[in-house]
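Single-structure report; data block below.
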Amino acid sequence: MEERIIDLLKQNSSLNIIDINDILGLKDPVEFSNLQETLDNMCEDGILYHSNKDKYLLFENSHLLKGKLQLKSSGYGFVLDTGLEKDIYINEKDINGALDGDIVAVEITNKRDFEGKIVKILKRNDKVLVGEVVVIDNKFYVSIDKKGNNIYIPNDKLNGAVEGHKVVVKRDEKKRTMGEIVTIIGHKNDVGVDILSYVYKYEFKPNFPDDVMLEIDAIPDSVLESELEGRVDLRDKKVFTIDGADTKDIDDAIYCYKNEDNTYTLGVCIADVSHYVKMGNKIDVEAYERGTSVYLVDRVLPMLPHKLSNGICSLNPEVDRLALSCIMKIDNKGNVIDYDICESVIRSRKKMTYDAVNSILENNVVPLGYEEFVDDLKLMNELSNILRKKMVARGYIDFDTKEAKILVDENCHPYEIKLREQRTGEELIENFMIVANETVASSIFYRSDDVPGIYRVHDKPNEAKLQSFTEFLSSHGYSVVGKKRGNITVKDLRNIIDQIDDERVKPILNELLVRSMAKAVYSNENIGHFGLGSRCYSHFTSPIRRYPDLVLHRLVKLYNGSYDYDLIDYFKKELPIICEHTSERERAADSCERDVDKMKMAEYMEDHIGEVFKGVISGVQEFGIFVELPNTVEGLIRVEDLPGYYTFSEKAMTLFDKKSKRRFGFGDDITVKVVKASRETSTVDFELVEDNK
Numbered sequence: 000m001e002e003r004i005i006d007l008l009k010q011n012s013s014l015n016i017i018d019i020n021d022i023l024g025l026k027d028p029v030e031f032s033n034l035q036e037t038l039d040n041m042c043e044d045g046i047l048y049h050s051n052k053d054k055y056l057l058f059e060n061s062h063l064l065k066g067k068l069q070l071k072s073s074g075y076g077f078v079l080d081t082g083l084e085k086d087i088y089i090n091e092k093d094i095n096g097a098l099d100g101d102i103v104a105v106e107i108t109n110k111r112d113f114e115g116k117i118v119k120i121l122k123r124n125d126k127v128l129v130g131e132v133v134v135i136d137n138k139f140y141v142s143i144d145k146k147g148n149n150i151y152i153p154n155d156k157l158n159g160a161v162e163g164h165k166v167v168v169k170r171d172e173k174k175r176t177m178g179e180i181v182t183i184i185g186h187k188n189d190v191g192v193d194i195l196s197y198v199y200k201y202e203f204k205p206n207f208p209d210d211v212m213l214e215i216d217a218i219p220d221s222v223l224e225s226e227l228e229g230r231v232d233l234r235d236k237k238v239f240t241i242d243g244a245d246t247k248d249i250d251d252a253i254y255c256y257k258n259e260d261n262t263y264t265l266g267v268c269i270a271d272v273s274h275y276v277k278m279g280n281k282i283d284v285e286a287y288e289r290g291t292s293v294y295l296v297d298r299v300l301p302m303l304p305h306k307l308s309n310g311i312c313s314l315n316p317e318v319d320r321l322a323l324s325c326i327m328k329i330d331n332k333g334n335v336i337d338y339d340i341c342e343s344v345i346r347s348r349k350k351m352t353y354d355a356v357n358s359i360l361e362n363n364v365v366p367l368g369y370e371e372f373v374d375d376l377k378l379m380n381e382l383s384n385i386l387r388k389k390m391v392a393r394g395y396i397d398f399d400t401k402e403a404k405i406l407v408d409e410n411c412h413p414y415e416i417k418l419r420e421q422r423t424g425e426e427l428i429e430n431f432m433i434v435a436n437e438t439v440a441s442s443i444f445y446r447s448d449d450v451p452g453i454y455r456v457h458d459k460p461n462e463a464k465l466q467s468f469t470e471f472l473s474s475h476g477y478s479v480v481g482k483k484r485g486n487i488t489v490k491d492l493r494n495i496i497d498q499i500d501d502e503r504v505k506p507i508l509n510e511l512l513v514r515s516m517a518k519a520v521y522s523n524e525n526i527g528h529f530g531l532g533s534r535c536y537s538h539f540t541s542p543i544r545r546y547p548d549l550v551l552h553r554l555v556k557l558y559n560g561s562y563d564y565d566l567i568d569y570f571k572k573e574l575p576i577i578c579e580h581t582s583e584r585e586r587a588a589d590s591c592e593r594d595v596d597k598m599k600m601a602e603y604m605e606d607h608i609g610e611v612f613k614g615v616i617s618g619v620q621e622f623g624i625f626v627e628l629p630n631t632v633e634g635l636i637r638v639e640d641l642p643g644y645y646t647f648s649e650k651a652m653t654l655f656d657k658k659s660k661r662r663f664g665f666g667d668d669i670t671v672k673v674v675k676a677s678r679e680t681s682t683v684d685f686e687l688v689e690d691n692k
């Protein structure tokens, strides 16, 4: 019926339900009822628009846009994914009862500034809502963490919750302003509850279900002799791992040696998680639902239970471990001239840390216990440099963005924020993982037979957004090299980045550039990876913490084995669904990690009220100036707190006061004082220190 309605409305601009019923020739009340239900569903899905005049028209033919509402704690919001080059700003008075995550119809009220108002809620966000139990006039409500209407909770729906509890609430399907508490997270002042609130908000689980843990009990703690049959024995190779000092879930191990013909053999050995996590078992279903591990400031929410992630699957030193190994022969230009992907058994000789490896490769200082590995590491670094040179030549983009590491005490209170460093050892592992990922992805994509695959893809940048970025650079004195219109290549983008020579603001500019680009996602169709300059790429190297990697391992085994055509048909059907779900879970994990970091940064700054810091202007809006401190904490100076009257230039990203001739622009050094910080709202407010002119 949907297709008939769409065809009908293509021929007629708008019709009421009676007209549609008559034209379709529906005769009885049951058919009319089905029509009404179909029209309601099509409106909810954003296919149709039901006007105030009680007429239906194709949404694309209306004056409205459809998108997802993202509310800010201050009350205003943005409608995302409308197809416009910018998100649409929604003033608090124009939210019209919508909540964070709702799919809404928005009317543009100011085309120049991309402002609008919500005229209809097309589809409510039925995901969990997290908030705090409050009492108003002796009645219980949940005040949602993302600002919106309070949810009324009848006494018989409290389920033990009291004032001050952080909870998960489910809204009543008919009365959306009323709900029931389904989970008590804890009291808002309890240690760690603030972080758990975000865990529940993004629908991750702090614990594994009992049936999963029962299934885990049947998995052995060590590799059995019977499991070695048919595997390539790599236990004689000088295999080791390089990770952060606190890493417990070790996915990858490496070895390398030089051949007589001056080529290199690089072995990238990845934990064989698929040997233990079988398709369709309870562990697998739970891993799929999670999609990824989530790394928060005080905890890890693993995709797999610890017995697997830190135990039998983790490539710990001095124990046998099952692996799926990609063994590559690489020439002195960085080309993979031969490879083998095989099921193997390895025994890591050492668990190395990045700090120790960097000490050897950068300072030639050998920590105790690393003496026998010095030559191996130097040979690996030699190969790493060759691989990086090739990657850069093809247009690989190294986005030099800053990432913070937040240190917390036993009460989860932040006491230090420092920058994570990407040094020689980190780059070495990145280069090796990239070449392994490309090799494995290519082994599937370039097969002679038509078989399904799972790829990590990254589309080209949005031309309009990229044009705005290059114009912004030009307005700040950069002579931008590269195409501004048409079919932009990764090398063109690399040329743009190379123009940014100010190391002080380069990470911030790179962050702006990242926002103008498409996001990398998982797909069953290979379109290449723009940011890496790679024609074929996937994720193979982290099956302990990423579900798509686990799927790729299964595909590799399938195509290297007996070719189960029923299983191939299954993957052809299911891979698009798997890709969409795991991409969504990855976005949720990123948002969860980012929100927790932002909250903890604000909590850290609560201890520094009144202190003065030097920073860099990282953004300028009509309402104020964003300032980033060296530790990546970002705060706002509101325009009303600036002396004078300022006009805003969006193109140049500046505020300018004609009377004083004072100008505040992106990249300017600035001195600020912390005047307010709030863990509850995850915000930091600065004021200008008057030595800035």
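Position 273 of the sequence shown, counted from 1, bears residue number 272 in numbering that gives the first Met the number 0, the numbering being contiguous throughout. Glycine included, each C-beta is placed from N, C-alpha and C at the ideal position. These numbers were taken from a predicted model, which means no experiment stands behind them.
Burial state of residue i, where buried means 16 or more other Cβ atoms lie within 10 Å
i	result
V166	buried
D283	buried
D193	buried
F612	buried
G130	buried
V673	buried
K65	buried
L360	buried
S681	buried
S590	exposed
R484	Confidence at R484 is low in this model, with a pLDDT of 47, below 50, so the placement of that residue is unreliable and no value is reported for it.
S541	buried
N363	exposed
Paired residues, beta bridge with residue i - DSSP
i	result
K49	Just to set this straight, residue 49 is His in the shown sequence, not Lys. Paired residue(s): Y55.
V133	Y140
Y256	T264
Y197	According to DSSP, Y197 bridges with nothing at all.
N430	None, per the DSSP bridge assignment.
K119	A104
Q466	In the DSSP output, where bridge partners are listed per residue, Q466 has none listed.
D232	V344
R661	D656
F647	L654
E415	L406
H528	H457, S533
E179	K169
T240	K350
First and last residue of the uninterrupted beta strand (DSSP E) at residue i
i	result
T246	Taken as a continuous stretch (DSSP letters only), T246 belongs to no beta strand (DSSP E), as it is neither H nor E.
Y151	150-152
S582	S582 -> not in any beta strand (DSSP E); alpha helix (DSSP H) instead, spanning 564-605.
A676	668-677
E84	From DSSP, E84 is part of no beta strand (DSSP E); its letter is neither H nor E.
T682	682-687
P642	Run containing P642: none; DSSP gives neither H nor E here.
S617	611-620
Rounded distance between the beta-carbons of residue j and residue i, thought under 8 Å
i	j	result
F685	G634	4 Å
L551	V683	With 8 Å as the limit, L551 and V683 do not qualify as a contact, their Cβ atoms being about 41 Å apart.
T631	L418	7 Å
S383	L427	4 Å
D606	A403	That pair is no contact at about 16 Å.
F663	I269	Their Cβ separation, rounded to whole angstroms, is 49 Å, which puts F663 and I269 out of contact at 8 Å.
S249	T240	Strictly speaking, residue 249 in this sequence is Ile, with Ser absent from that position. Indeed, because the Cβ distance is near 5 Å, the residues count as touching under 8 Å.
L57	I5	7 Å
Range of the contiguous alpha helix (DSSP H) that encloses residue i
i	result
N188	No alpha helix (DSSP H) holds N188; DSSP gives it neither H nor E.
R3	1-10
R387	373-393
H164	Counting along the chain, H164 falls outside any alpha helix (DSSP H), though it belongs to the beta strand (DSSP E) covering 164-170.
E43	28-43
I215	209-215
R637	Counting along the chain, R637 falls outside any alpha helix (DSSP H), though it belongs to the beta strand (DSSP E) covering 633-637.
L360	353-362
L68	Note, L68: premise wrong, no alpha helix (DSSP H); beta strand (DSSP E) at 64-70.
D18	16-23
(request) Any chance you could list the alpha helix (DSSP H) runs of at least 4 consecutive residues sitting entirely within the region 260-343, in chain order? (result) 281-289
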